[in-house]
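Engineer:
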Amino acid sequence: MSAVPVPQPRTAGPAATARSGGGGGRRALAAALLLGAAGAAIALIASGQIWAEGTAAVGGGSVPLDADGRDVTGVPAALGIVGLAALVAVFAVRGAGRVLVSALLALSGAGAAVAAFLGASDSAALDELAAKTTGDSSATVDALTHTAWPYVAAAGGVLILLAGALALLYGRRWPGMSGRYERPGGGPAVRGRGARRAPVVDPDRPEDLWKALDRGEDPTRES
């Protein structure tokens, strides 16, 4: 009497493995876009707010002074813009280029956070403003106080840093920009036997040019 073979469970193939990791990649992509855009916006908005306040003695009285984030340090705002540009550029490159841009995204966030944190206790901007207001180069600000906006800017930098970390970890799974207008090998597309013939584009008719662009064709290429 022969033994009945017992069915063995099949191992997951490459396609199943890719499908199982696709959800994590999509979630990481959505999180990176949200964190990066929000972090850049927060850093830019917080940099335009008042970071430090004080008074300068003038004659027998005092003059109130204040300095916003850009007066204290322009680094968080500048790196916020760099981070936003890097977030967009992540999808324009692939391979090693994507890794480099992702690293730039993370570094811009880290730099913005550190610069904002250091600016939270800075008094040089108000001292310089006090010197200009009083006409005395040795004048300094009195009753110096700092607001919470530097820490808000630092939080924005941390969000950008997290977006860069996600891009470094999962960026290889993310799609790139569409190659709709690119032709393989740089030459004209090869038409199959049953393919439809492209409509003739009249360069003197703007509507024909727009329709050709919408089909992914180059209206300037001679047929």
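Adding 2 to a residue's 1-based position in the sequence shown gives its number in the working numbering.
Glycine residues also receive a C-beta, built at the ideal position from the N, C-alpha and C atoms.
(1) So, using beta-carbon positions, are G85 and G111 closer together than 8 Å?
(2) At the level of alpha carbons, what is the spacing between G27 and G158?
(3) Tell me the DSSP secondary structure of V74 in three-state form.
(4) Can you name, in chain order, every residue of its own chain whose Cβ lies under 7 Å from the Cβ of V103, other than the five neighbours on each side?
(5) Exposed or buried, what is R100 when buried is set at 16 or more other beta-carbons lying within 10 Å of its beta-carbon?
(6) For K213, which residues from the same chain have a beta carbon less than 6 Å from its beta carbon, with the 5 sequence-adjacent residues on both sides left out?
(7) Between the C-alpha atoms of L81 and L164, what's the straight-line distance to the nearest angstrom?
(8) Determine the extent of the beta strand (DSSP E) in which A54 is found, giving its start and end residues.
(9) With three or more beta-carbon pairs closer than 8 Å as the criterion, would you say the segment 106-125 touches the segment 138-157?
(10) What residues in its chain sit with their C-beta under 6 Å from that of A30, if we drop five residues either side in the sequence?
(11) Roughly how many angstroms separate the alpha carbons of V60 and A40, rounded to a whole number?
(12) Give me the Cα-Cα distance between G97 and R174, rounded to the nearest whole angstrom.
(13) If we count the other Cβ atoms within 10 Å of its Cβ and call it buried at 16 or more, is S49 buried or exposed?
(14) Could you check the C-alpha separation between G62 and T136 for me, to the nearest Å?
(15) Tell me the DSSP bridge mates of S140?
(16) Along the chain, where does the alpha helix (DSSP H) containing R100 start, and where does it finish?
(17) DSSP has V65 in a bridge; who is on the other side?
(18) From which residue to which residue does the alpha helix (DSSP H) around P152 run?
(19) Rounded to a whole number of angstroms, what is the C-alpha to C-alpha distance between A191 and R72?
(20) With distances taken between CB atoms, is the gap from V143 to L128 smaller than 8 Å?
(21) Under the rule that 16 or more other beta-carbon atoms within 10 Å means buried, what is L36, buried or exposed?
(22) Going by C-alpha to C-alpha distance, which of L131, A114, I83 and G113 sits closest to L67?
(23) I need the straight-line Cα distance from A32 to L107, nearest angstrom please.
(24) So what's A145 in DSSP terms, helix, strand or just coil?
Structural biologist: On the basis of the data shown:
(1) In this structure, G85 lies near G111, with their beta-carbon atoms less than 8 Å apart.
(2) Those two C-alpha atoms are separated by around 23 Å.
(3) Helix.
(4) Cβ neighbours of V103 beyond the five flanking positions: A88, A91, V92 and V95.
(5) Around the beta carbon of R100, 16 or more other beta carbons lie within 10 angstroms, which makes this residue buried.
(6) For K213, where only same-chain residues beyond five positions count, there are no Cβ hits under 6 Å.
(7) Looking at the backbone, the Cα of L81 and that of L164 are separated by about 14 Å.
(8) For A54, the enclosing beta strand (DSSP E) covers residues I52 to V60.
(9) Between the segment 106-125 and the segment 138-157, the count of Cβ pairs shorter than 8 Å is three or higher; the stretches touch.
(10) Take A30, set aside five residues on each side of it, and the residues of its chain with a beta-carbon closer than 6 Å to its own are L168 and Y172, in chain order.
(11) V60 and A40: Cα-Cα distance of roughly 42 Å.
(12) Take the alpha-carbon of G97 and the one of R174: they are about 7 Å apart.
(13) Looking at its Cβ environment, which holds 16 or more other Cβ atoms inside 10 Å, S49 is buried.
(14) Approximately 12 Å, taken between the alpha carbons.
(15) Answer is none; S140 lacks a bridge partner.
(16) A98 to G121 is the span of the alpha helix (DSSP H), which, as asked, contains R100.
(17) Per the DSSP secondary-structure output, V65 pairs in a beta bridge with A58.
(18) Per DSSP, the continuous alpha helix (DSSP H) segment holding P152 begins and ends at W151 to Y172.
(19) With a pLDDT of only 46 at A191, under 50, the local geometry of the prediction cannot be trusted, and the value read off the model is given with reservation. The straight-line gap from Cα to Cα measures roughly 52 Å.
(20) The Cβ-Cβ distance between V143 and L128 falls below 8 Å.
(21) Around the beta-carbon of L36, fewer than 16 other beta-carbon atoms lie within 10 Å, marking it exposed.
(22) The shortest C-alpha separation from L67 is found at L131.
(23) Each residue's Cα considered, the two are about 16 Å apart.
(24) Residue state, collapsed to three classes: strand.
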